[in-house]
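In short: position in the sequence shown from 1, add 1, done, that's my numbering.
Think of the CB as a built atom: it goes at the ideal place given N, C-alpha and C, for glycine as much as any other residue.
Since this is a predicted model, take the numbers as computed values, not measurements.
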Amino acid sequence: MRLTSLDPCVHCGFCLPACPTYLLTGDESESPRGRIVLMQGLEEETLTYADSTVRHHLDTCLACVGCEPACPSGVQYGVAISQVRTELAHRNGINRWTRLALAVLGRDGLRRPFLALARAFRGLPLVPGPPILRRLQAQLRATRSTHQRRQRDLVPPGSRGRVGLLHGCVMEGLFDHIHAATRRVLLVNGFEVHDLQTGCCGALHEHAGDHEGACQRAAHQAREIQKDQLDAIVVNSAGCGAMLKSYRDLLGDPSGKNIAERTHDVAELLAKAGPVQGAPLARRIAYDPPCHLQHAQGVHEAVLTVLSAIPGLAVEQLPGADQCCGGAGLYGVVHPEKSSAILARKIAEFQRADPPIEAVVTGNPGCIMQIGGGILLAGMPLQVRHPVELLDESYAQAGFYQSH
């Protein structure tokens, strides 16, 4: 296997302070530079895929690609780690818990009843038990809406185009309140919204090294989405958005290119259109960018533009905001201790914030669960919200959802 994306690496070390696992352990093998050496060893056959130490260091990478913006040589680390994980999975298999999660989330007949059961249990209080059980329960509680569902007459769709709102798998099952908020916000901003209930996009499969499964999900998405005449595909999950934008290379055909070119994070679409201003919300929040939005998609200022449409909202970016929270798809299931230790640094920054913050805002379901669960376990009185939820609340107070 030829990893051409690693050729530009000069081992300068600029990536080290951008890597959460290196900052946590101080181990060179837990850094992008160290992992590149390991991947090159596999490529040159001086190391083997059967080596458990090599497998461990490559498996503990978060794949947050925070190293890519820090690299002066333009190394495509994310492409390389994905290729190597695919080969590792092919030769050694995938962790049983990961296999189970992919099997459930990748099939409508299993995913929907499983997530319905999860919704039924997420309102229960935390119970004593093993740390990993309490952590998973806290993350599930973090998926609840912090506001009652509002039933209103909505404004009629405008003429800015017909867009498809991707429902996904976890987003559809646990964050339907965010989909509802996204739909209302898009309507206020003049878009006609069509729901794309096409299931899993394949992001978790690709992240775990199941390249074949990711390609199957991507091909299904492409077939289903192209049945509708849409001006754009809107995604409110950073991981899903990054995945759809990668379909160009993943599928390598016109359908993949078509999906990739039409996919926009909801903040991208609103920022380009110029978001309608809402009513004031006098709050201080911390914006914590998802890795797959800020690093993988290169979307950052657009979110700040959307939040600036809310008068009175003070937006902070605390130290370490550009670092991964440790969620990283199914990482917390496979590496719970390391995931928790990485999150602890963010929780400490939220606690140190001066003036205090009232909420943390982030645009990815895994991040909402990871950060929200950590905040709950730390006993902090903070909400974790998606950016569109705040804009939706601002629009509600402005009276945009009343009958006309």
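- Contact check for Val55 and Ser6: beta-carbon distance about 19 angstroms, past the 8 angstroms limit, so the pair fails to qualify.
- Less than 8 angstroms separates the beta-carbon of Leu319 from that of Ala287.
- Each of His168, Gly94, Ala233 and Asp289 was checked against the Cα of Gly364, and the nearest Cα belongs to Asp289.
- Boundaries cannot be given for Arg161, as no beta strand (DSSP E) includes it and DSSP labels it neither H nor E.
- The stretch 83 to 96 and the stretch 194 to 214 touch, with no fewer than 3 CB-CB distances between them shorter than 8 angstroms.
- Annotation note: the stretch 159 to 226 contains the following uninterrupted beta strand (DSSP E) runs of length 3 or greater, listed N- to C-terminal: 163 to 167 and 193 to 197.
- A direct Cα-Cα distance of roughly 11 angstroms separates Gln138 from Pro131.
- With a beta-carbon spacing of about 6 angstroms, Cys241 and Leu167 fall inside the 8 angstroms limit used to define contacts.
- Where Gln384 is concerned, the enclosing beta strand (DSSP E) starts and stops at Gln384 to Arg386.
- In this structure, the beta-carbon distance from Gln371 to Leu344 falls below 8 angstroms.
- Straight across, the Cα-Cα distance linking His195 with Gln222 is about 15 angstroms.
- With contacts defined by Cβ atoms closer than 8 angstroms, Val267 and Val389 form a contacting pair.
- Glu317 carries a strand assignment under DSSP once its states are collapsed to helix, strand and coil.
- If one requires a minimum length of 3 residues, no beta strand (DSSP E) run lies completely within the stretch 78 to 149.
- Distances from the CA of His180 to each of Asn237, Gln140 and Cys201 were compared; the closest alpha carbon is that of Asn237.
- The C-alpha of Arg386 lies about 14 angstroms from the C-alpha of Leu141.
- In the DSSP secondary-structure assignment, Arg285 is bridged to Ala315.
- If you compare the alpha carbons of Ile234, Cys368 and Glu88 with that of Leu59, the shortest gap goes to Glu88.
- In this structure, the CA atom of Cys368 is about 31 angstroms from the CA atom of Lys228.
- Here Ile234 is bridged, per DSSP, to Gly165 and Thr264.
- Around the CB of Thr61, 16 or more other CB atoms lie within 10 Å, so the residue is classed as buried.
- Ranked by Cα distance from Thr147, the options Asp393, Phe401 and Ala239 are led by Asp393.
- For Ala243, the uninterrupted alpha helix (DSSP H) run begins and ends at Ala239 to Lys246, by DSSP.
- Taking the Cβ atoms as the reference, Leu383 lies roughly 12 angstroms from Glu350, outside the contact range of under 8 angstroms.
- When the five nearest sequence neighbours on each side are left out, the beta carbons in the same chain lying within less than 6 angstroms of the beta carbon of Val80 are those of Ser6, in order along the chain.
- Gln298 is a Cβ neighbour of Ala243, given a cutoff of 8 angstroms.
- Under the criterion of beta carbons closer than 8 angstroms, Ala64 and Val334 do not qualify as touching, at roughly 15 angstroms.
- Here the C-alpha atom of Phe401 lies approximately 12 angstroms from the C-alpha atom of Leu187.
- Rounded to the nearest whole angstrom, the CA to CA distance from Gln198 to Cys170 is 9 angstroms.
- Across the set Ala399, Leu24 and Ala274, the C-alpha of Ala274 shows the shortest separation from the C-alpha of Gly159.
- Boundaries of the alpha helix (DSSP H) around Ala71: Cys68 to Ala71.
- Distances from the CA of Trp98 to each of Pro337, Asp177, Phe176 and Val66 were compared; the closest alpha carbon is that of Pro337.
- Apart from the 5 residues on each side of it in sequence, Ala399 sits with its Cβ closer than 6 angstroms to the Cβ of Gly279 and Ala280 in its chain, given in chain order.
- From the listed residues Val316, Glu29 and His293, the smallest Cα separation to Pro70 is found for His293.
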